[in-house]
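Residue numbers (my numbering), protein chains in the order written: chain A, 3 to 114; chain B, 314 to 427. Virtual Cβ for every residue (Gly too), placed ideally from N, Cα, C. Step one of this worksheet: look at the structure below.
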Amino acid sequence: GNSVTQMEGPVTLSEEAFLTINCTYTATGYPSLFWYVQYPGEGLQLLLKATKADDKGSNKGFEATYRKETTSFHLEKGSVQVSDSAVYFCALRSQGAQKLVFGQGTRLTINP
Amino acid sequence: DAGVIQSPRHEVTEMGQEVTLRCKPISGHNSLFWYRQTMMRGLELLIYFNNNVPIDDSGMPEDRFSAKMPNASFSTLKIQPSEPRDSAVYFCASSRLQTNEKLFFGSGTQLSVL
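Here it is, written out as structure tokens:
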């Protein structure tokens, strides 16, 4: 079945550090890939997405590239801020499907 | 526009009691999803509806759980009887009925069963 594996957290960085959160997936065909973010006390919200191989999703300084050959969708940001502290979820949706399959989530804490 | 609205925000109950969680999706959205979030299992899809009709309830853990969507603006998730292992955050999400439409999540209901 379809699944998403994220790097385990928690991840703690200093402000302005470079961020990578790894995400790999298992799916048949060509799924769409997503990163969602959950700020404390809130529901998840879409951060970025990519719908086909080699697409790059980007938003708020975050980027992720859909790599079919390595079945990966790693999240990166060049210089993190305290306000980026949240839980980040990688997710996939199979072609033609409605269901989103989420990874376990990675808690990120940025210290000033 | 108001987002997805869930109530209550927090629920504390005793084992064996009935619990009802409520959700109002975004107006105009015709797909609704119920998710459960725990430390051990992460985010699990319980059930989802299209146009008020349940499409996939394979994630509902057992017969103690039931969900309804009597109209386009309201859904409930009921647990009867509740057990301590049901303690989790329950999220409702809605979207338009297109496969790559993003989900809009509510703020969740934190359920504690003692």
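L102 (chain A) CB to nearest chain B CB: under 8 Å?
yes
Please compile the residues from chain B whose C-beta is within a distance smaller than 8 Å of the C-beta of L48 (chain A).
K415 and L416
Between which two residues does the beta strand (DSSP E) carrying R437 (chain B) extend?
Here chain B comprises residues numbered 314 to 427, so residue 437 (chain B) is not present and cannot be evaluated.
In angstroms, rounded to a whole number, what distance separates the CA positions of M328 (chain B) and R398 (chain B)?
10 Å
Look at S386 (chain B) and P321 (chain B) and say whether their C-beta atoms are less than 8 Å apart.
no
Can a CB atom of chain B be found closer than 8 Å to the CB of Q83 (chain A)?
no
Can you grab the Cα-Cα spacing for the pair N384 (chain B) / Y361 (chain B), in whole Å?
14 Å
Does the beta-carbon distance from Y403 (chain B) to R335 (chain B) come in below 8 Å?
no
Determine the extent of the beta strand (DSSP E) in which G59 (chain A) is found, giving its start and end residues.
K58 to N61
Whole-angstrom C-beta distance between G105 (chain A) and F91 (chain A), which should lie under 8 Å:
6 Å
Spatial neighbours of S34 (chain A) within its chain, please: C-beta separation below 6 Å, excluding the five flanking residues on both sides.
T53 and R95
Local Cβ density within 10 Å of F417 (chain B), reported as buried at 16 or more and exposed below that:
buried
In DSSP terms, what N113 (chain A) is bridged to
A:S16
Using a Cβ-Cβ distance cut-off of 8 Å, determine whether G59 (chain A) contacts chain B.
no
Skipping 5 residues on each side, what residues in its chain have a beta carbon closer than 7 Å to that of Y38 (chain A)?
L46, Q47, L48, L49, F91 and A93
From K445 (chain B) to N364 (chain B), what distance separates their C-alpha atoms?
Given that chain B is displayed from residue 314 to residue 427, the structure contains no residue 445 (chain B) and the question cannot be resolved.
Would you say E65 (chain A) lies against chain B (beta-carbon separation less than 8 Å)?
no
Selection from B:L356, B:E396 and B:L358 that minimises the alpha carbon distance to E331 (chain B):
B:E396
Under DSSP, the beta strand (DSSP E) around K337 (chain B) begins and ends at which residues?
V332 to K337
With a threshold of 16 other CB atoms inside 10 Å of the CB of G3 (chain A), please say whether the residue is buried or exposed.
exposed
When we look at the beta-carbon of E324 (chain B) and count the other beta-carbons within 10 Å, is it buried (16 or more) or exposed?
buried
So Y361 (chain B) contacts chain A; which residues on that side make the cut at Cβ distance below 8 Å?
Q100 and K101
For the stretch 361-387 of chain B, which segments carrying the alpha helix (DSSP H) assignment without a break, of at least 4 residues, lie completely within its bounds, in sequence order?
none
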